[in-house]
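In the working numbering, the protein residues as written are 893 to 1079.
Ideal placement from N, C-alpha and C gives every residue a C-beta, glycine not left out.
This structure is a prediction, so every number in the text was calculated from the model and none was measured.
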Amino acid sequence: PEHAKFLLATTDPQKLPVTVLSRCLQFSLKRLSVAMIGDRIRHILEAEAVPFEAAAVRLVAIAADGSMRDGLSLLDQLIAFGGGRVEEAAARAMLGTVDRQQVVRIAELLAVGEPAGLLSYARTLEDWSPDHAQMLDALAALLARVALKQAVADYEGDELHGPGLLAELAGRLAPEDVQLYYQAAIM
């Protein structure tokens, strides 16, 4: 009937037949920001009285990659995985992300300028069998925040990178070294 309207939602419109697409109005929706997903997850956790750590919420929001549906699905899995709690260690284990302290230790060794110590620490990381690309991404994210702290003195950081850590690294690393290390991490 004329009054009936169909709403199709997909993340993969090229899989729809051309005959269907030719009769549709298409609206491309943008990805949600990490902050928006994190705020919604926090709201849900508070409403449901589920104990959580802010860093764990941020990890889930990042892993959601712009999709609220994926974020909520990951949150549900994390609550089950964490025994009714949303904690950073459980989130890292479930998502397979690198330990933040390992990345911070690498940045500290870069700040000291001790290549032998850095190489020795990198060898110890092999016991954990890290995803090297993920490790470099995490290091690049930390260095980007250090650069922001150097450029904007009152930059507070975020749930994963607190102001104390950023201030310490910003004071110990020269801005040009931060840029060099960042470039090396993203290549």
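- Put simply, of Leu1031, Gly988 and Leu1072 the residue whose alpha carbon is nearest the alpha carbon of His1053 is Leu1031.
- As for any alpha helix (DSSP H) of minimum length 4 sitting wholly inside the stretch 951-991, the runs are 960-973 and 980-987, ordered along the chain.
- Its chain contains Arg984 as the residues whose beta carbon lies nearer than 7 Å to that of Asp991, once the 5 sequence neighbours on both sides are disregarded; these appear in chain order.
- The C-beta separation of Gly976 from Val942 comes to about 7 Å, placing the pair in contact by the 8 Å criterion.
- DSSP places Asp904 outside any alpha helix (DSSP H), giving it a letter other than H or E.
- Cβ-Cβ distances below 8 Å link Ala1003 to Leu1061, Arg1064 and Leu1065 in the same chain, with the five nearest sequence neighbours on each side left out; the list follows chain order.
- Annotation for Ser959: no residue places its beta carbon closer than 6 Å to its own, counting only its chain and skipping 5 residues before and after.
- Excluding the 5 residues flanking it on each side, Leu951 has same chain C-beta neighbours closer than 8 Å at Glu980, Ala983, Arg984, Leu987, Thr989 and Leu1052, in chain order.
- Per DSSP, Asp1069 is one residue of the alpha helix (DSSP H) stretching across Pro1067 to Ile1078.
- In summary, Ala1039 is buried, with 16 or more beta-carbon neighbours lying within 10 Å of its beta-carbon over all protein chains present.
- Counting only residues of its own chain and dropping the five nearest sequence neighbours on each side, Asp1019 has no CB closer than 8 Å to any other CB.
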